[in-house]
Amino acid sequence: MMNILVTGGAGFIGSNFIRYVLKTDSGDCVINLDALTYAGNLTNLSSVQNNSRYLFVHGNIADETLVGKLLADYHIGAVVNFAAESHVDRSILNPRQFVESNYGGVSIFLNCLKKFPGTRFIQVSTDEVYGSALNGQTFSETDSLNPSSPYAATKAGADLLALSYYKTFGMAVCITRSANNYGPYQFPEKLVPLMISHAVMGERLPVYGDGQNVRDWLNVLDNCRGIDAVLHRGKPGGVYNIAGHNYHSNLDIVKLILAHLGLSTSAIQYVADRPANDELYAIDDSKIRTQLGWTPQVNFDRGMAQTIDWYKNNRDWWQPLLAKVKNR
Ligand SMILES: NC(=O)c1ccc[n+]([C@@H]2O[C@H](COP(=O)([O-])OP(=O)(O)OC[C@H]3O[C@@H](n4cnc5c(N)ncnc54)[C@H](O)[C@@H]3O)[C@@H](O)[C@H]2O)c1
Numbered sequence: 001m002m003n004i005l006v007t008g009g010a011g012f013i014g015s016n017f018i019r020y021v022l023k024t025d026s027g028d029c030v031i032n033l034d035a036l037t038y039a040g041n042l043t044n045l046s047s048v049q050n051n052s053r054y055l056f057v058h059g060n061i062a063d064e065t066l067v068g069k070l071l072a073d074y075h076i077g078a079v080v081n082f083a084a085e086s087h088v089d090r091s092i093l094n095p096r097q098f099v100e101s102n103y104g105g106v107s108i109f110l111n112c113l114k115k116f117p118g119t120r121f122i123q124v125s126t127d128e129v130y131g132s133a134l135n136g137q138t139f140s141e142t143d144s145l146n147p148s149s150p151y152a153a154t155k156a157g158a159d160l161l162a163l164s165y166y167k168t169f170g171m172a173v174c175i176t177r178s179a180n181n182y183g184p185y186q187f188p189e190k191l192v193p194l195m196i197s198h199a200v201m202g203e204r205l206p207v208y209g210d211g212q213n214v215r216d217w218l219n220v221l222d223n224c225r226g227i228d229a230v231l232h233r234g235k236p237g238g239v240y241n242i243a244g245h246n247y248h249s250n251l252d253i254v255k256l257i258l259a260h261l262g263l264s265t266s267a268i269q270y271v272a273d274r275p276a277n278d279e280l281y282a283i284d285d286s287k288i289r290t291q292l293g294w295t296p297q298v299n300f301d302r303g304m305a306q307t308i309d310w311y312k313n314n315r316d317w318w319q320p321l322l323a324k325v326k327n328r
C-alpha cells in the first residue's frame with residue numbers, strides 16, 4: 001500500500017489510470033497534481049472525487065516548492081508522470097509551451113525528486129519518440145530516438161533526461177512508451193473523439209493528406225494495466241514499449257466510426273497534411289510481455305465500438321470542450 005503522485009491526472013489517460021488504481025483493492029492512495037490546462041478536466045474524475053483514497057491538488061509539475069512539499073508531506077512511494085502538452089498540431093503552432101512543460105517541467109520535477117531516493121518515477125512516454133517506422137519494422141526499447149514533431153522531440157528529451165537521473169543519481173526511474181490510446185475522456189481535438197463528435201453533429205470529417213498514415217491503436221485500459229505493471233514490477237532504468245497490435249490507417253479509423261454510426265463516407269473532407277506527419281508508428285512490446293507478464297486484453301473491434309458509443313452517449317461531456325477547440 002502506498003501513496004502515488006499522479007501528475008496530469010485530469011487528462012485523458014491520467015483520469016483513466018486514477019479510476020483504474022482506485023478500483024483495485026491495493027489500498028493505494030492517489031494524489032493528482034494537475035495544472036488544469038485546456039486539456040485538464042475535473043469532470044473526468046467526478047466518479048472518484050469523494051473517494052477517501054483520492055486527493056486533487058491544483059498545480060504545475062514545474063512548481064518546485066509545491067512538488068517538494070507534496071513529496072514530503074504525503075510520503076510519496078511512486079510518481080506517475082502523465083503531465084504534458086500532448087497534441088502534435090499544437091506543438092507545431094507553439095513549440096515553446098511543449099518545451100516548457102514536457103521537458104522543463106520534467107527537469108524541475110526530477111531535481112526535486114533527488115531528495116527522495118526511495119521514490120519510484122514512471123515517465124509516461126510515447127512510441128512517437130522513435131519516429132516513423134518502415135513497413136514491417138518495429139522499434140524495440142534499445143533503438144535510437146528519431147522524433148519528428150516538436151511534441152515527440154520534447155518527449156524524447158524527457159526520456160533521456162529521466163534515464164540520466166537513473167544513471168547518474170541511481171534514481172528508480174522507468175519509462176513507458178505506448179502506442180496511440182483510444183477510449184473515453186479523450187479531449188475532442190484528437191482523431192477518434194474529433195471524428196466521432198463531428199459525425200454526430202453532422203459536420204465534415206477533416207482527414208489529413210490521403211489518410212494513409214498508419215497508427216497502432218491501444219485501448220486506454222490496456223495502457224493503464226501496462227503502466228501499473230511497470231509501476232509495481234518494472235526494473236529501475238527500464239524502458240517498456242506498450243503496443244496495441246492494431247494497425248489501422250487514419251482513413252480506416254474514420255470509415256470505421258462512420259460505419260458504426262450508420263453514416264455515409266461522403267462527410268469525409270481531405271485537408272492539407274500535417275508537416276512531418278510520420279507514416280507509421282510500430283513498436284515491439286516483447287519486453288513488457290516476457291518480463292512483466294503484460295498482454296493487451298481488450299479486443300479492438302469491441303473496444304472501439306464501446307468507445308464510439310461512449311462519445312455518442314456523452315455529448316454533454318465533449319460539446320463544451322469542442323467549443324474551446326473552435327475558439328482557439
Ligand atoms: N494520448 C495518447 O495516445 C498517448 C500515447 C502515448 C503517450 N501519451 C502520453 O501520455 C500522457 C498523457 O496523455 P493524454 O493524452 O492523457 O494527455 P492530455 O492532454 O489529455 O492530458 C494532459 C494533462 O496534463 C496536464 N498538464 C499539462 N501540463 C502540465 C504541467 N506542466 N503540470 C501539471 N499538469 C499539466 C493537463 O492539464 C492535462 O490534464 C502524456 O505525457 C502523453 O505524452 C499519450
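Using the UniProt record's numbering, read the sequence shown as starting at 1 and increasing by one per residue.
Note that the Cβ used here is the ideal one computed from N, Cα and C, for glycine as well.
Per the C-alpha coordinates, the member of N250, V220, N32 positioned closest to V298 is V220. No heavy atom of ligand 1 is found nearer than 8 Å to the CB of E141.
Leaving aside the five residues that flank S15 on each side, the residues in its chain whose CB is nearer than 7 Å to its CB run, in chain order, G9, N44, L45, Y185. Residues of the same chain with a CB within less than 6 Å of the CB of G105, apart from the 5 flanking positions on each side, are I61, A62 in chain order. The Cβ-Cβ distance between L218 and Y182 falls below 9 Å.
Following the DSSP letters along the chain, one finds G14 inside the alpha helix (DSSP H) bounded by residues 12 to 23. Per DSSP, the continuous alpha helix (DSSP H) segment holding S197 begins and ends at 191 to 200. Taken in chain order, the unbroken stretches of alpha helix (DSSP H) that lie wholly in the stretch 173 to 247 and span 4 residues or more are 191 to 200, 220 to 233. Cβ-Cβ distances below 7 Å link I227 to F17, V80, I122, V124, T176 in the same chain, with the five nearest sequence neighbours on each side left out; the list follows chain order.
Pairing I283 with F82 gives a Cβ-Cβ distance that is not under 9 Å. Per DSSP, the unbroken alpha helix (DSSP H) holding Q97 starts and ends at 95 to 98. DSSP links N3 through a beta bridge to C29, I76. For the beta strand (DSSP E) assignment, the uninterrupted runs of no fewer than 3 residues enclosed by the stretch 108 to 165 are, from N- to C-terminal side, 120 to 126. Of N213, G59, T37, L163, the smallest CA-CA separation from Y270 is found for N213. Looking from the CA of S264, the closest CA among A152, E189, E203, A156 belongs to E203. Between A172 and V129, the C-beta spacing is not below 9 Å.
D25 and R274 have their alpha carbons spaced roughly 44 Å apart.
The bridge partners DSSP lists for D34 are H58.
The beta carbon of D285 lies closer than 7 Å to those of N241, I242, A243 in the same chain, with the five residues before and after it left out.
One alpha carbon belongs to L231, the other to A162, and they sit about 15 Å apart. Distance from the C-beta of R289 to the nearest heavy atom of ligand 1 is not below 8 Å. DSSP, reduced to helix, strand and coil, places Y270 within a strand of the structure shown.
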